[in-house]
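S.K.: Quick note on this note's numbering: the sequence shown kicks off at 649 and runs consecutively.
Glycine is no exception: its CB is placed at the ideal position from the N, C-alpha and C atoms.
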Amino acid sequence: MAKLVSCGCLPQINTGVSFAMAERLSKNFLAHEFECSCGCGQGQMDPIHIALLQKLRNAAGPLRVTSGIRCKEHNKLIGGASRSQHIPNSQGMVVACDITFTKGSKSNRNILRLYTLADQLHFKGIGLYKGRIHVDSRPGRRARWIDHLWSWKDT
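(1) Please name the residue in G691, G752, L678 and G689 whose C-alpha comes closest to that of A839.
(2) Would you tell me roughly how many angstroms separate the C-alpha atoms of R731 and E721, rounded to the nearest one?
(3) Tell me whether D776 sits in a helix, a strand or coil according to DSSP, three-state version.
(4) Answer yes or no: the CB of R786 versus the heavy atoms of the ligand GDP, is any distance below 7 angstroms?
(5) Could you give the first and the last residue of the continuous alpha helix (DSSP H) run that contains S767?
(6) Can you list, in chain order, the residues of its chain whose CB lies under 7 angstroms from that of S785, leaving out five sequence neighbours each side?
(7) For the stretch 711 to 730 against the stretch 684 to 694, are there 3 or more C-beta pairs whose distance is under 8 angstroms?
(8) Taking the continuous alpha helix (DSSP H) assigned at L701, which residues delimit it?
(9) Any contact between the stretch 735 to 742 and the stretch 788 to 795? By contact I mean 3 or more CB pairs, one from each, below 8 angstroms.
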């Protein structure tokens with residue numbers, strides 16, 4: 649049975665079994681954690697970004713991917729930046745994801761600690777958000793930003 653996705657991507661065949669779901673990208677990350685939420689199946693994660701993400705996981709502890717690959721349609725639907733690093737590049741690779749802790753406190757102090765660890769590991773792009781951070785391995789110059797909803801008060 650064909651499944652139409654909400655963001656206007658091409659229909660996908662839903663067989664109930666996804667072979668990509670079991671694909672291990674690193675010691676602690678599986679391919680399905682990074683798939684576009686709309687189900688389009690576009691793109692794949694850049695291996696250099698995954699290696700850096702694994703180093704961050706080794707330093708910080710268990711992490712959960714809150715957003716990985718986004719097709720252009722899904723990115724637009726959720727209000728993502730038009731030149732988002734989450735969108736597959738010309739080679740079909742994605743160099744970005746948003747992450748948070750799997751367990752424990754997602755307090756501002758802990759999220760700021762995760763941001764600091766990402767900076768120490770030299771991620772090119774790092775964004776600070778309430779309850780999560782964005783990390784990417786963009787080409788060119790590094791970028792740092794803080795979302796307008798971030799609060800320095802620990803809630």
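M.R.: Taking the structure as given:
(1) What is shown of the chain runs 649 to 803, which leaves residue 839 out entirely.
(2) 12 angstroms
(3) Before going on, a small fix: residue 776 reads as Leu here, not Asp. Correct three-state label for L776: strand.
(4) What this structure holds is no ligand at all, so the ligand GDP is not there to describe.
(5) In the sequence on display, residue 767 carries Asp and not Ser. Run containing D767: N756 to Q768, per the alpha helix (DSSP H) assignment.
(6) D694, I696, H697, L700, V743, F771 and K772
(7) yes
(8) P695 to A708
(9) no
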